[in-house]
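Engineer:
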Amino acid sequence: MADEDEDLEDNEGYDAEVLPALGVKQQPKRKRAMLGRMQSVTQVAEWIKRLFFVPESKPEYIFYDNNCNLAKHVKHDPWWDDIGLPVDVFHFKCKHKESDLFCQSYCNPALFPELMDGDEWRFNSSIAEQTNVWFGGYHSICREMQVDRFNFFLDEMIMRKNRLLIAKLKADGAQPSYAVY
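Note that the sequence shown ends on residue 1242 in the working numbering; no numbers are left out.
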């Protein structure tokens, strides 16, 4: 993967509908950023703050499989006060201890009723993990790519996967659409 993974760059090619679907209230200028090889909670927190440096662009929710530790790390930082940090449903049910009172009190996805529609979740909160597994199949192809080629490849593969998914959903009788705000 590219060495400049954490850099932000303008990307006029992204659909405006993508950002609201990710929970972004309003994004004045479309950006793309990749977390790259960063794994520490401190690095993730700083990366998110750099990505959403315009207050109006901050998401209402961020799903991250290590949100319990992220929430502990940022609990005294007012920048995070209006961002919900639920753990995705799969991780919460399978990977988190009931004895972890902090996680149960602050990161339980059931604490965010606005993310539910009756008894069902409004969206698949595990999609990032599922997409990473899918894209991991291309790791050997992407490993040595330069930034421009990697970005092009990633854009193309995601657009193709989305077209196939939309066609499948329509064939199954669903009505896939983008959230427009």
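All C-beta atoms, glycine included, are put in the ideal place defined by N, C-alpha and C. Predicted model, so just to flag it, every value in this text is computed and none were measured.
#1: Tell me the residue span of the alpha helix (DSSP H) that contains Leu1131.
#2: Does DSSP classify Asp1180 as helix, strand or coil?
#3: Using the C-alpha atoms, what's the distance from Leu1176 back to Pro1170?
#4: Ordered along the chain, which non-local residues of its own chain (more than five positions away) have a Cβ less than 8 Å from that of Phe1214?
#5: Please report the distance separating the alpha-carbon of Gly1234 from that of Ala1228.
#6: Could you check whether the Cβ of Glu1159 sits closer than 8 Å to any Cβ belonging to chain B?
#7: Looking at Asp1149 and Asp1126, is the spacing between their C-beta atoms short of 8 Å?
#8: Pull up the distance between the alpha-carbon of Val1102 and that of His1134, whole angstroms please.
#9: What are the partner residues of Gly1145, as DSSP defines its beta bridges?
#10: Quick one: using the 10 Å Cβ neighbour count with 16 as the cut-off for buried, is Val1105 buried or exposed?
#11: DSSP three-state label for Lys1158, please.
#12: Give the secondary structure of Val1115 by DSSP, where H, G and I count as helix, E and B as strand, and everything else as coil.
#13: Would you grab the beta carbon distance between Cys1164 and Pro1147 for me? Rounded to a whole angstrom, and I think it's under 8 Å.
#14: Compare the C-alpha of Arg1183 against each of Trp1195, Pro1174, Glu1217 and name the closest.
#15: Can you look up Gly1198 in the DSSP assignment and give me helix, strand or coil?
#16: Less than 7 Å between C-beta atoms, sequence neighbours within five positions excluded: which residues of the same chain meet that for Leu1131?
#17: Out of curiosity, what's the CA-to-CA distance linking Ser1187 and Phe1153?
#18: When you compare each of Arg1111, Pro1139, Asp1143, Trp1108 to Pro1120 by their alpha carbons, which one comes out closest?
Structural biologist: Put simply:
#1: 1128–1135
#2: Reduced to three states, the DSSP call for Asp1180 is coil.
#3: 8 Å
#4: Tyr1199, Ile1202, Cys1203, Met1206
#5: One C-alpha to the other measures close to 10 Å.
#6: Protein chain content of the structure displayed is limited to a single chain, and chain B is not contained in it.
#7: yes
#8: 7 Å
#9: Tyr1122
#10: When all chains shown are included, Val1105 counts as buried.
#11: coil
#12: For Val1115, the secondary structure class from DSSP, reduced to helix, strand or coil, is coil.
#13: The pair is not a contact, with the Cβ atoms about 10 Å apart (cut-off 8 Å).
#14: Pro1174
#15: coil
#16: Val1102, Val1105, Ala1106, Tyr1125, Leu1146
#17: About 11 Å.
#18: Asp1143
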